[in-house]
């Protein structure tokens, strides 16, 4: 199965490459990097990544959408949101990191579903779609095929949670060990929600 | 000051983009991506990154060297090791992640210095240069201008440690908070050394 990573200008680097490190260790899954128009996409941290054109993706795969500064304008880009909706509808699973959930919320596919986002950007994300059941204290949230995580590093915990759900907790722990990562495996344990005033 | 990231085929993705996420949040530092010959470099996880040619770097900057499967052949590539040595000698600071320290050890610049590496690859790394004072239990190690970290995610802790040393612990904690990362700020606290049999 393909893991389709949807990049855009000014995406947050670790939002992508934390989950990529985890999901790249699964057998039988292929990581592919896309953008709406294909070509080079530059992250917030100046990383130039070569992407394929989104229409070349097998939409039935697993979709991964990062957050980052680039989401601030993309939430108002109707063409992007329509393209995202098209692939998210057909995806077997859809994972967002940080303010990637803001983009997904704009497609209305999260309406009446539980979701979370970066705790520092939480009020902004909430304001974009009040029909989502936003969770103010969650490292990551699962609702049906939708996985949404809190900020940046939370994407690693969520990706490990996804592995645990699909393959087993043992496999997730094995991957965490191999990347020498201390996995927060309790998705309701959100230290950073407690450090911010979110409600 | 430039942060010169030296990429090579089959580098480990998170070895690079963990520290990049941290160091990219410092003002006055510029992230630049290099490889010996320039052009596209593909990570172990299939990420195609565009790089500049190493000879175009300002060698006086901060050098970041990842590890990964690609190091297994590169330790025997004398041309690569010579080029690495040339830039590492001139760099103000030199940071390696995971088996990146194997490459640096081959330049002999770590001789009689303390250093560490991935705990699962530790015996192999040690065997490459027994004149290094290898530390079997350390999340990361600092000796003069050389910072070496344990496996993959340890690079994030080391990068935060580097920020703490250069700018202050407050700044490192602020960055950890902004990326919602639980920083292991005790470099001698190496959970994964305890899980492996390393000596």
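Residue numbers (full-length UniProt numbering), protein chains in the order written: chain F, 1 to 199; chain V, 1 to 199. The beta-carbon is built from N, C-alpha and C at its ideal position, and this holds for glycine as well.
If I'm right that residue i touches residue j with Cβ under 8 Å, what's the distance once you round it to whole angstroms?
i, j, result
"residue 160 of chain V", "residue 22 of chain V", "6 Å"
"residue 18 of chain F", "residue 155 of chain F", "5 Å"
"residue 93 of chain F", "residue 145 of chain F", "5 Å"
"residue 5 of chain F", "residue 34 of chain F", "7 Å"
"residue 51 of chain V", "residue 41 of chain V", "5 Å"
"residue 125 of chain V", "residue 111 of chain V", "Wrong, their Cβ atoms sit about 14 Å apart, outside the cutoff."
"residue 162 of chain V", "residue 95 of chain V", "6 Å"
Buried or exposed: where does residue i fall if 16 or more other Cβ atoms within 10 Å of its Cβ makes it buried?
i, result
"residue 127 of chain F", "exposed"
"residue 1 of chain F", "exposed"
"residue 113 of chain V", "buried"
"residue 199 of chain F", "Bear in mind that a pLDDT of 47 at residue 199 of chain F, under 50, signals an unreliable position, so the number given afterwards is only what the model happens to contain. Counting Cβ neighbours within 10 Å, residue 199 of chain F comes out exposed, since fewer than 16 surround it."
"residue 79 of chain F", "exposed"
"residue 130 of chain F", "exposed"
"residue 106 of chain F", "buried"
"residue 70 of chain F", "buried"
Just the Cα atoms here: how many angstroms apart are residue i and residue j?
i, j, result
"residue 187 of chain V", "residue 72 of chain V", "26 Å"
"residue 192 of chain V", "residue 142 of chain F", "29 Å"
"residue 76 of chain V", "residue 164 of chain V", "35 Å"
"residue 36 of chain F", "residue 134 of chain V", "47 Å"
"residue 12 of chain V", "residue 46 of chain F", "18 Å"
"residue 181 of chain F", "residue 175 of chain F", "8 Å"
"residue 55 of chain V", "residue 90 of chain V", "13 Å"
"residue 27 of chain F", "residue 43 of chain V", "17 Å"
"residue 117 of chain F", "residue 83 of chain F", "21 Å"
"residue 139 of chain V", "residue 157 of chain V", "8 Å"
"residue 167 of chain F", "residue 147 of chain F", "16 Å"
"residue 57 of chain V", "residue 81 of chain F", "39 Å"
"residue 120 of chain V", "residue 103 of chain F", "39 Å"
"residue 149 of chain F", "residue 115 of chain F", "8 Å"
"residue 16 of chain F", "residue 86 of chain V", "32 Å"
"residue 14 of chain F", "residue 88 of chain F", "21 Å"
Identify the contact partners of residue i in chain V, using a Cβ-Cβ distance below 9 Å as the criterion.
i, result
"residue 150 of chain F", "180"
Mind pulling the chain V residues with CB within less than 8 Å of residue i?
i, result
"residue 20 of chain F", "13, 14, 45 and 47"
"residue 154 of chain F", "180"
"residue 24 of chain F", "13, 44, 45 and 46"
How would you list, in chain order, the residues of chain F whose beta-carbon sits under 9 Å from the beta-carbon of residue i?
i, result
"residue 120 of chain V", "177, 178 and 180"
"residue 40 of chain V", "50"
For residue i, go through chain F and note every residue whose CB falls closer than 7 Å to its CB, in chain order.
i, result
"residue 195 of chain V", "177"
Residues of chain V with a CB under 7 Å from the CB of residue i: which are they?
i, result
"residue 8 of chain F", "Going along chain V, no residue has its Cβ under 7 Å from residue 8 of chain F, so there is no contact; the nearest lies around 16 Å."
"residue 191 of chain F", "182"
"residue 31 of chain F", "45 and 46"
Check your understanding: Taking only runs of the beta strand (DSSP E) that begin and end inside the region 32-107 of chain F, which ones reach a length of at least 3 residues, in chain order?
Key -> 39-42, 48-53, 62-65 and 93-96
Point to revise | Inside the region 100-174 of chain V only - beta strand (DSSP E) runs reaching at least 3 residues | key: 140-143 and 146-149
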